[in-house]
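Participant: The sequence shown maps to residues 14 to 104 in the numbering used here.
Each residue gets a CB set at the ideal place from its N, CA and C atoms; glycine is no exception.
Before we start, here is the structure in question, set down as structure tokens.
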Amino acid sequence: RRYFTYLPKYETLQHISMVGSWILVIGLVAMFWNLLHGIFKGERCGDNPWGGTTLEWTIPSPPPTENFEEIPVITHEPYYHPEAEPVPVAK
């Protein structure tokens, strides 16, 4: 096998680069493992897993072809969280 032999003054940088490439490969393997595990063995999330109150979270998942059968009527602010107690900031 042929490989380039670096000058002694660049050898340290070459080793640092090599270790960095190993870290990159380990990160990619972990990412693909997580992706494949989520696709094949992960549990399905519900229609609104984060409790969002904007329009895109009011439809089922996966969304129907036209999203809404009729134009929705908006009755609250986009970041309305009725279950959250307001926290006093100042007195």
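#1: Roughly how many whole angstroms lie between the Cα atoms of Met-31 and Thr-78?
#2: Enumerate, from N- to C-terminal direction, the unbroken beta strand (DSSP E) stretches of 3 or more residues contained entirely within the region 24–69.
#3: Compare the beta carbon distance of Ile-72 and Asn-80 with 7 Å and say whether it is the shorter of the two.
#4: Please state whether DSSP places Pro-101 in a helix, a strand or coil.
#5: Suppose the cutoff is 8 Å on Cβ atoms and the five residues either side in sequence are ignored; what does the same chain contact list for Asp-60 look like?
Facilitator: On the basis of the data shown:
#1: 49 Å
#2: Assignment of beta strand (DSSP E) within the region 24–69, counting only whole runs of 3 or more residues, yields no such run.
#3: yes
#4: In the structure shown, Pro-101 sits in coil (DSSP, three-state: anything other than H, G, I, E or B).
#5: Trp-70, Ile-72, Pro-73, Ser-74
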